[in-house]
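In the working numbering, the protein residues as written are 142 to 1196. Every residue, glycine too, gets a C-beta built ideally from N, C-alpha and C. Below: one structure, written as structure tokens.
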């Protein structure tokens, strides 16, 4: 077949807009209509002869009428080219009919499996008389046959091929076939039908080389998590194409509801996929198809899909980078978006509706069966502060404002939140007398001269509350203002007297005087209700005595209602003079990115990532590990120090004082002739290798975290260039690091307090700051800081502020296993996260008390706990003795106990061999290379992956707050709930703390969280097994086995 002279315009996968053609004929009129609607490709079943019983090939080279498939393809190509449409063919090369010539021609390639007979009624039609590829491999004959056939199709002008049942062919065979086809046509789009494939089947397709993979969107109900989980698995293979879920009975719906459901279906497919496919049989409105295709044709990044499903009448939120979709899963009722779910799926920026609508998307419900398109306008981090904090006008205000929250040490340090968080400001506000007060919160990013205002609402006992949501990373502040509300006081008195039947003519006269005064102010022009209300009383006599005497002629109930109207109150609130104003603040607030509060950390030693035992790994070797780390659901890949390691006093294996010639030493002995903290250990590679790793990690949606350890080997260049930065003993020898009775001969510490001159000390401070800024310039934004509690607090406050001035998105994790007050003080001075005592909390009472302390005390405003289940330094006693169930228990506790958790590599294969009598690892990786078999029997990779998926799907597990202990009758079972502020996501967790035997427990249901009575019922969605139950209160009984020692359920009242 000759190649056509005209080749189609090839487009990236992200802009493919495809029609799935129904029949074997391509009508030129239809092709023209599809192109006019904005489609640019046609997907149609490959021509050839198929068995009517089972759909398998009889002969892929002949049409049913005996004609050549080559001729048919040529006609199709010509018709598509005329409309500038790409032609894709859909085929299944894994099946051949036993009743046709093709299977007989390749008897070794296609074999019958099991007892199959056209007369066997137990088998579905598609399974009868079918031969499958032998052993899911392509024999040389089958490979040659299909390679030549498909190459000829491409030579004829076919632009793409979609392969059904791709899991039935080995990845190596696909790769071999695709290499040959791309030699024929480099622009061919090779696709896999991935809908319905299991995680294991998808894993076996890695490396096959597909350009596009098709997903299972038509089976999604807009309210379950599996779409995001499938999307993550499919995107590891290739960009994704989605077919929309065609609305049932769409043709019979009313125009309003029918169009709404089509909008929901089509926009979901377009937003969720990197390409989208429209079935020819569908009947969506043409204007909608044009709009979707126009949007899909515009360039955009292929950001990961983030999903926050809506329950109990809430909308589902779907995010792809800057594009968001609020989806109503229900067809019978409106749904409001739950703003609490935003923090985990949306980047910093301002969210607005797409289109001309002026309605606030935050307050407007999504119509039944519909969706609302949103767009994120990225906003830069906060920059240099500008002055402008409002101040009180009186030194002795009449109004009292006190007990303002959130605040840390009365504003000395900043409270913390993340972007799009609901910051709930509360204050006690009161005044002498009975007059009505009004109050508001003024808030801003400190580089913004304009303040935003949010009214405070009075609650019980003079406690007032307001909520705002910051949209940028960096320093913010807020002020609480209060004043006597003159109009509010007036309307309160007028309403009370009118309801009591007291004559109010005089009060009305006084109120109109207030209105006249307000109407003279410039801003009054924006509120026509002021003049309209005054006009209503135009017949009132000018003299008060006359007005009083004639009140029955100009005053009626409607007039009083007009004075008491909400519209008029709103106008007067805006224009009236604020009497006795009082102000408190400003109060500092630091806004972080979401990863500051929710992230899954994985720690590894790059030098142990060699491809075989004993081989020193490199940074390039780490790149090969990235897919496996990401596949387990981790967001952050953390390295111990990667800097040059000193040779003087180098430690040997198991911390021995004598190192052999091949011993690699401790990475914490930083510094050699190759450099210091801003250099890379030569055995690991170069800075160029590191930058390649940063780029590769980002491509896998991973970020790198580096260890900032302020310690040096005796070979560090600073000892030569700045000896005054270190401590020296009386005999002239250097003072090594010590933690008596331990002594670290391979490490020396800098002396923060040495030297008489402040300038010398500041030189050290600046040098350390510049180390962090150097790595910031290389793309690192997350730092784990080693032993910060042994360095001056003022230094940390200064350094973190200096770094944040240039990189407000930088994150600092404090590794301070020390006294509680010091740990909290480090958090106050600026550390984003902190290691905790979680590692040593094993029993129910202590775990429950600790989780409650971290979640429900004032420290939660600034202290973010990071739960590491193990570290290179800590091999917990519990893990040494509890076997595989113990590892599952600790993983579940960490994943559900805090929004931040981490593990050191080896945990997933249950490594626990201890140094005898110590809470340390035998043959510690700190001193030697360690090669691991990641598929070792008993590994828990699958369980860790599922736990991370559950965390990503449930906003309640993305924070340390929202902890509620649940009464439980078994001391070996810890039961609790976690919830988002407005209860849009509520998760119940039960964990068997006994690794040796099953435990049963009766657990009180959190019915009060849903406003339900004692015997109310809750829908429980099992997040492990994806099963659904209905639980009726007041308690539920659960049994937890050591093989599966934990359960996690998402609760809702309705769904």
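Assigned exposure category for residue i - 16 Cβ within 10 Å defines buried
{"i": "residue 1156", "result": "exposed"}
{"i": "residue 214", "result": "buried"}
{"i": "residue 743", "result": "buried"}
{"i": "residue 894", "result": "exposed"}
{"i": "residue 362", "result": "exposed"}
{"i": "residue 905", "result": "buried"}
{"i": "residue 961", "result": "exposed"}
{"i": "residue 1031", "result": "buried"}
{"i": "residue 713", "result": "buried"}
{"i": "residue 831", "result": "buried"}
{"i": "residue 964", "result": "buried"}
{"i": "residue 947", "result": "exposed"}
{"i": "residue 395", "result": "Unreliable positioning characterises residue 395 in this predicted model, as indicated by a pLDDT of 44, which lies under 50. A coordinate reading is not provided."}
{"i": "residue 360", "result": "exposed"}
{"i": "residue 1063", "result": "exposed"}
{"i": "residue 880", "result": "exposed"}
{"i": "residue 392", "result": "Annotation note: pLDDT 43 at residue 392 (below 50); position unreliable, coordinate value reported separately. Exposed: under 16 other Cβ atoms inside 10 Å."}
{"i": "residue 903", "result": "exposed"}
{"i": "residue 717", "result": "buried"}
{"i": "residue 1069", "result": "buried"}
{"i": "residue 455", "result": "buried"}
Residue j beta carbon less than 8 Å from that of residue i
{"i": "residue 1006", "j": "residue 1162", "result": "no"}
{"i": "residue 1129", "j": "residue 1040", "result": "no"}
{"i": "residue 1164", "j": "residue 1133", "result": "no"}
{"i": "residue 1011", "j": "residue 773", "result": "no"}
{"i": "residue 720", "j": "residue 657", "result": "no"}
{"i": "residue 782", "j": "residue 763", "result": "no"}
{"i": "residue 243", "j": "residue 273", "result": "no"}
{"i": "residue 410", "j": "residue 384", "result": "yes"}
{"i": "residue 1131", "j": "residue 1192", "result": "no"}
{"i": "residue 1096", "j": "residue 481", "result": "yes"}
{"i": "residue 972", "j": "residue 953", "result": "yes"}
{"i": "residue 813", "j": "residue 848", "result": "no"}
{"i": "residue 493", "j": "residue 590", "result": "no"}
{"i": "residue 368", "j": "residue 358", "result": "yes"}
{"i": "residue 421", "j": "residue 161", "result": "yes"}
Spatial neighbours of residue i in its chain, beta-carbon cut-off 8 Å, leaving aside the 5 residues before and after
{"i": "residue 1158", "result": "1171, 1172, 1173, 1174"}
{"i": "residue 1111", "result": "1140, 1141, 1142, 1143"}
{"i": "residue 799", "result": "793"}
{"i": "residue 365", "result": "450"}
{"i": "residue 922", "result": "844, 948, 950, 951, 952"}
Anticipated Cβ contact below 8 Å, residue i with residue j, distance rounded
{"i": "residue 821", "j": "residue 909", "result": "About 18 Å separates the two Cβ atoms, so there is no contact after all."}
{"i": "residue 1118", "j": "residue 1147", "result": "5 Å"}
{"i": "residue 240", "j": "residue 198", "result": "Going by Cβ atoms, the distance from residue 240 to residue 198 rounds to 11 Å, so no, they are not a contact pair."}
Same chain, Cβ closer than 6 Å to residue i, neighbours up to 5 away in sequence not counted
{"i": "residue 1109", "result": "1116, 1142, 1144"}
{"i": "residue 308", "result": "338, 342"}
{"i": "residue 564", "result": "558, 609"}
{"i": "residue 326", "result": "295"}
{"i": "residue 224", "result": "172, 173, 176"}
Cβ shell of residue i (< 7 Å), same chain only, five flanking positions each side left out
{"i": "residue 1182", "result": "1139"}
{"i": "residue 884", "result": "877"}
{"i": "residue 352", "result": "154, 330, 331, 332, 379"}
Proximity test, Cβ basis, 8 Å: residue i and chain B
{"i": "residue 1061", "result": "The structure shown contains no chain B, having only a single protein chain."}
task = Determine contact between the region 1048–1060 and the region 1073–1080, defined as no fewer than three beta-carbon pairs at a distance below 8 Å.
result = When Cβ pairs closer than 8 Å are counted between the two stretches, the region 1048–1060 is seen to touch the region 1073–1080, the count reaching three or more.
ask   = Does the region 504–523 touch the region 604–619, meaning 3 or more C-beta pairs lie closer than 8 Å?
value = These segments touch.
ask   = Looking at C-beta atoms only, is the number of pairs between the region 580–589 and the region 628–639 that lie closer than 8 Å three or more?
value = Cβ pair count under 8 Å is below three, so no.
inquiry  = Using 8 Å as the cut-off, can you tell me whether the region 462–478 makes contact with the region 441–449, which would need three or more C-beta pairs spanning the two stretches below that distance?
reply    = Note that the region 462–478 touches the region 441–449; at least 3 beta-carbon pairs, one per stretch, sit closer than 8 Å.
query = Quick check: the region 828–838 against the region 433–441, are there 3 or more CB pairs under 8 Å?
reply = Too few Cβ pairs lie closer than 8 Å, so no.
task = State whether the region 205–220 contacts the region 267–283, with contact taken as three or more CB pairs (one from each stretch) at a distance under 8 Å.
result = Touching, no.
ask   = Does the region 725–735 come within contact of the region 551–561, defined as at least 3 CB pairs closer than 8 Å?
value = The answer is yes - the region 551–561 touches the region 725–735, with three or more Cβ pairs under 8 Å.
task = For the region 326–336 and the region 298–306, state whether three or more C-beta atom pairs, one from each stretch, are separated by less than 8 Å.
result = Touching, yes.
Meets three-Cβ-pair contact criterion under 8 Å: the region 566–575 and the region 595–607 = Counting Cβ pairs under 8 Å, three or more are found: they touch.
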